[in-house]
Amino acid sequence: AQSVTQLDSQVPVFEEAPVELRCNYSSSVSVYLFWYVQYPNQGLQLLLKYLSGSTLVKGINGFEAEFNKSQTSFHLRKPSVHISDTAEYFCAVSARSGGSNYKLTFGKGTLLTVNP
Amino acid sequence: KAGVTQTPRYLIKTRGQQVTLSCSPISGHRSVSWYQQTPGQGLQFLFEYFSETQRNKGNFPGRFSGRQFSNSRSEMNVSTLELGDSALYLCASSSTSASSYNEQFFGPGTRLTVL
Numbered sequence: 505a506q507s508v509t510q511l512d513s514q515v516p517v518f519e520e521a522p523v524e525l526r527c528n529y530s531s532s533v534s535v536y537l538f539w540y541v542q543y544p545n546q547g548l549q550l551l552l553k554y555l556s557g558s559t560l561v562k563g564i565n566g567f568e569a570e571f572n573k574s575q576t577s578f579h580l581r582k583p584s585v586h587i588s589d590t591a592e593y594f595c596a597v598s599a600r601s602g603g604s605n606y607k608l609t610f611g612k613g614t615l616l617t618v619n620p
Numbered sequence: 031k032a033g034v035t036q037t038p039r040y041l042i043k044t045r046g047q048q049v050t051l052s053c054s055p056i057s058g059h060r061s062v063s064w065y066q067q068t069p070g071q072g073l074q075f076l077f078e079y080f081s082e083t084q085r086n087k088g089n090f091p092g093r094f095s096g097r098q099f100s101n102s103r104s105e106m107n108v109s110t111l112e113l114g115d116s117a118l119y120l121c122a123s124s125s126t127s128a129s130s131y132n133e134q135f136f137g138p139g140t141r142l143t144v145l
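Top to bottom, those sequences are chains A and B.
Numbering of the first sequence is given in the working numbering, commencing with residue 505 and proceeding in unit increments.
Numbering of the second sequence is given in the working numbering, commencing with residue 31 and proceeding in unit increments.
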């Protein structure tokens with residue numbers, strides 16, 4: 505079984521400031537890692553994913569995340585945020601093996617609010 | 031390519047009623063998963079269908095059921111609605127290539143309100 509903890513439920517920042525959204529996970533098996541974004545009244549959009557290889561992954565809209573196996577973390581970062589980045593962000597994992605990559609386990613989400 | 035579509039987008043029901051939600055996956059996708067999103071519990075996996083068969087089920091009571099048709103469209107049904115079933119229900123579709131990873135694409139969701 506897997507679990508995901510997003511350490512901050514809300515993160516307010518000013519426009520053009522850097523931001524980090526924290527995510528830790530627990531799993532008894534090897535996992536894939538994801539960050540999704542949800543804008544109001546919309547579904548989830550994949551920001552980035554870690555499948556294998558380089559631990560620093562780059563996604564859409566200038567976001568990046570670093571996989572740290574020893575700390576079981578997958579924190580999301582952006583060097584300079586825009587008003588349009590205001591949304592809820594979800595960290596998720598899925599098991600690598602057994603054909604179960606369709607089942608995502610999500611964190612509770614972090615509401616990022618970018619203020620002018 | 032059209033994305034995942036869900037109908038209806040909004041529903042209001044009363045306790046004790048039943049409801050059916052529909053999901054049309056991206057063309058060519060044969061796997062459809064359903065998730066429930068609530069403020070208290072967050073996003074939780076309901077079940078996944080592939081080739082008209084339920085492959086896995088989350089930890090939800092039997093009042094929650096689903097099915098998939100030969101064209102990969104899927105429906106989920108909730109019987110004897112309770113107030114706690116008020117949620118955003120999200121559907122996601124995925125291709126099923128030989129790769130160990132197949133990205134899931136989410137629809138906009140159906141917002142169910144139970145009064």
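Backbone N, C-alpha and C define an ideal beta-carbon position, used for all residues, glycine too.
CA-CA distance, Ser532 of chain A and Val597 of chain A? Taking the first residue of the first sequence as position 1, residue 532 of chain A is located at position 28. Taking the first residue of the first sequence as position 1, residue 597 of chain A is located at position 93. Each residue's Cα considered, the two are about 12 Å apart.
Identify the continuous beta strand (DSSP E) that holds Thr35 of chain B and give its terminal residues. As a first step, residue 35 of chain B must be located in the second sequence, where it is residue number 5. That run of the beta strand (DSSP E) goes 35-37.
How is Ile42 of chain B classed by DSSP in three states: helix, strand or coil? For the purposes of this step, residue 42 of chain B is taken as the residue at position 12 of the second sequence. Residue state, collapsed to three classes: strand.
Per-residue DSSP class, three states only, for Asn565 of chain A: Taking the first sequence and counting its residues from 1, one reaches residue 565 of chain A at position 61. DSSP places Asn565 of chain A in helix when its eight states are reduced to three.
DSSP three-state assignment for Ser116 of chain B, whether helix, strand or coil: Taking the first residue of the second sequence as position 1, residue 116 of chain B is located at position 86. Coil, per DSSP.
Is the Cβ of Ser124 of chain B closer than 9 Å to any Cβ of chain A? Here residue 124 of chain B corresponds to residue number 94 of the second sequence, with the count starting at 1. Output row for Ser124 of chain B: interface = yes.
Do you know offhand how far Tyr593 of chain A's Cα is from Arg93 of chain B's? Sequence index remark: in the first sequence, residue 593 of chain A carries index 89 (1-based). Sequence index remark: in the second sequence, residue 93 of chain B carries index 63 (1-based). Distance between the alpha carbons of Tyr593 of chain A and Arg93 of chain B is about 30 Å.
Please determine, among A:Gln549, A:Phe567, A:Cys527, A:Val585, the residue with the shortest C-alpha to C-alpha distance to Val508 of chain A. For the purposes of this step, residue 508 of chain A is taken as residue 4 along the first sequence, with counting starting at 1. Comparing Cα-Cα distances from Val508 of chain A to each of A:Gln549, A:Phe567, A:Cys527, A:Val585, the minimum goes to A:Cys527.
Let me know the secondary structure DSSP gives Ser588 of chain A once reduced to three states. Here residue 588 of chain A refers to the residue found at position 84 of the first sequence. Correct three-state label for Ser588 of chain A: helix.
List the DSSP bridge partners of Arg581 of chain A. As a working note, residue 581 of chain A is residue 77 in the first sequence. Its beta-bridge partners are A:Glu524, A:Glu568.
Consider the Cβ of Arg581 of chain A: report whether some Cβ of chain B lies at a distance smaller than 9 Å. Here residue 581 of chain A refers to the residue found at position 77 when the first sequence is read from its first residue. It does not: the Cβ of Arg581 of chain A has no partner Cβ on chain B nearer than 9 Å.
Expected contact under 8 Å - CB spacing of Phe77 of chain B and Gly96 of chain B to nearest Å: Position 47 of the second sequence, counting from 1, holds the residue named residue 77 of chain B. Position 66 of the second sequence, counting from 1, holds the residue named residue 96 of chain B. So it is a contact: roughly 5 Å between Cβ atoms.
Going along chain B, which residues have a C-beta under 7 Å from Gln546 of chain A? For this step, residue 546 of chain A is matched to residue 42 along the first sequence. What Gln546 of chain A touches in chain B: Pro138.
Per DSSP, Glu82 of chain B is paired with what? Here residue 82 of chain B is taken as the residue at index 52 of the second sequence, counted from 1. Looking at the DSSP assignment, Glu82 of chain B forms no beta bridge with any residue, so it has no partner.
Phe594 of chain A: contacting residues in chain B (beta-carbon distance under 7 Å): By one-based count along the first sequence, residue 594 of chain A stands at place 90. Leu73, listed in chain order.
Contact between the stretch 513-528 of chain A and the stretch 578-585 of chain A: three or more CB pairs below 8 Å? yes
According to DSSP, what are the bridge partners of Gln66 of chain B? Indexing the second sequence from 1 puts residue 66 of chain B at position 36. DSSP output for Gln66 of chain B lists B:Gln74, B:Tyr119 as bridge partner(s).
Taking only three categories from DSSP, how would you classify Leu548 of chain A? Counting from 1 along the first sequence, the entry for residue 548 of chain A is found at position 44. It is a strand residue.
Let's see if you can read the secondary structure: which residues bound the beta strand (DSSP E) around Ser507 of chain A? Position 3 of the first sequence, counting from 1, holds the residue named residue 507 of chain A. Segment 506-510, the beta strand (DSSP E) holding Ser507 of chain A.
Is there a Cβ from chain A that is less than 9 Å from the Cβ of Phe90 of chain B? Counted from its first residue, the second sequence places residue 90 of chain B at position 60. With 9 Å as the cut-off, Phe90 of chain B does not count as an interface residue toward chain A.
Name the residue from A:Val618, A:Arg600, A:Ser558, A:Gly557 whose alpha carbon lies nearest to the alpha carbon of Val535 of chain A. The residue you call residue 535 of chain A lines up with position 31 of the first sequence. Among A:Val618, A:Arg600, A:Ser558, A:Gly557, the Cα nearest to that of Val535 of chain A belongs to A:Arg600.
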